[in-house]
Amino acid sequence: MRAIVYDRYGPPDVLRIDNVPKPSPAARQVLVKIAATSVNLSDWETLQGSPLYSRIGGLRSPARRTLGSDIAGWVDAVGPAVTRFRPGDEVYGDNLMLKGGFAEYAIAPESVLTHKPAALTFAEASAIPQAGVIAWQGTKGAAAGKRVLINGAGGGSGSFAIQLAKQLGAEVTGVDNAGKLDFMRSVGADTVIDYRSQDFTRSGPYDLILDLVAYRSVFAYRRALTPGGRYRCVGGSVSALLRVLTIGAAAGRLTHRRLGVLAVKEGPTHFAPVADLCATGNLAVHIDRSFTLDQVPEALAHVGEGHALGKVIVTVN
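Numbering (my numbering), first residue to last: 16 to 332.
As structure tokens, then:
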């Protein structure tokens with residue numbers, strides 16, 4: 016089968032297309048014929064091996080030769096003890112531990128998959144698991160009368176988060192680069208900020224900040240929160256996360272503000288509610304561009320370099 020592989024961390028040009036053996040599912044595993052795989056920032060980080068935690072399981076070289084976590088496709092075969100799926104079923108899920116979505120077939124644990132809603136295309140379904148869960152859990156606490164700021168709001172998780180916070184009645188400010196301001200408005204943001212020209216931590220204050228980038232000082236974020244306000248970050252460098260968990264948490268307690276890292280809960284139980292909203296038309300899946308399997312390096316660069324407006328998809332079969 017055809018797969019995009021890499022053997023060392025680096026820029027997109029370390030990726031290459033190769034013919035590799037088609038895998039066979041072990042106990043409680045499912046072999047999925049891939050229809051579509053969405054690109055996440057975590058793919059870009061694991062490609063480069065930075066931040067350091069993206070090298071878990073492979074400090075010097077990648078533990079998994081093929082990236083791609085958020086997959087959608089057809090069940091091709093099942094291993095022993097699989098009870099929920101049979102060949103031909105349409106499925107999707109976040110295969111974060113095994114990855115392998117940038118290939119014609121991928122092995123996934125039965126536990127990370129669920130049946131694809133009939134109302135969603137494979138591309139739409141693949142866009143939801145990781146980005147949707149972050150947005151769903153990250154906007155918890157948004158409500159009518161609350162002010163919410165989303166940093167990195169023009170990407171996949173951000174476009175979901177804007178919509179979810181607005182549905183909960185919040186006033187939403189989206190922060191990203193200048194090329195994404197119109198997109199954030201179109202998704203529903205009340206106010207948009209170009210972080211390169213305006214210090215968004217001096218606006219507000221906000222009751223909730225969801226930070227999808229995490230590059231500012233924890234003291235700046237604390238300043239932007241209301242008393243009792245909550246800041247949660249996803250991703251960022253190891254040093255930035257440690258500062259949030261230590262200095263940020265301590266400083267927040269002293270000033271009655273809560274600063275911490277969003278502990279994302281994974282699995283179908285957590286992403287299926289987002290997919291249900293999308294399937295019923297209550298939440299939009301914004302797909303910026305679709306790439307072929309041969310174009311995975313370009314797809315990863317489009318996301319990693321900050322150009323994507325919503326989600327980016329790789330279509331396979």
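Cβ coordinates follow ideal geometry from the N, Cα and C atoms, glycine included.
When DSSP assignments are scanned along the stretch 274-299, the uninterrupted stretches of alpha helix (DSSP H) that are 4 or more residues long and fall wholly within it turn out to be 283-294. Here the C-alpha atom of SER174 lies approximately 6 Å from the C-alpha atom of GLY325.
Leaving aside the five residues that flank ALA255 on each side, the residues in its chain whose CB is nearer than 6 Å to its CB run, in chain order, ALA229. Look at the beta carbons and you see the stretch 59-79 not touching the stretch 99-108: under three pairs across the two are nearer than 8 Å.
The DSSP assignment places complete alpha helix (DSSP H) segments of no fewer than 4 residues inside the stretch 50-104 at 56-63, in order along the chain. ARG272 and PRO242 do touch by the CB rule: their CB atoms are close to 7 Å apart, below 8 Å. If you check the CB distance, ILE165 and LEU225 come in under 7 Å.
By the 16-neighbour rule on beta-carbons within 10 angstroms, GLN213 is exposed. Below 8 Å, too few C-beta pairs join the stretch 18-27 and the stretch 272-288 to call them touching: fewer than three. Taking the CA atoms as reference points, PRO40 sits about 47 Å from GLY244.
Counting only runs of 3 or more residues that sit fully inside the stretch 299-332, the beta strand (DSSP E) segments are 302-307 and 326-330, in chain order. As for any alpha helix (DSSP H) of minimum length 4 sitting wholly inside the stretch 152-223, the runs are 171-182 and 196-202, ordered along the chain. The three-state secondary structure of THR241, taken from DSSP, is strand. For a cut-off of 8 Å, the C-beta gap from GLY184 to ALA204 is around 14 Å, too long to register as a contact. As DSSP reads the structure, ARG17 sits in a beta bridge with ASN34. In this structure, DSSP gives GLY147 a helical state, which the three-state scheme calls helix. With fewer than 16 other Cβ atoms from the protein chains shown falling within 10 Å of its own Cβ, GLY103 counts as exposed. A residue is called buried when at least 16 other Cβ atoms come within 10 angstroms of its Cβ; PRO95 does not meet this threshold and is exposed. Secondary structure of THR261 (DSSP, three-state): helix. A residue is called buried when at least 16 other Cβ atoms come within 10 angstroms of its Cβ; GLY72 does not meet this threshold and is exposed.
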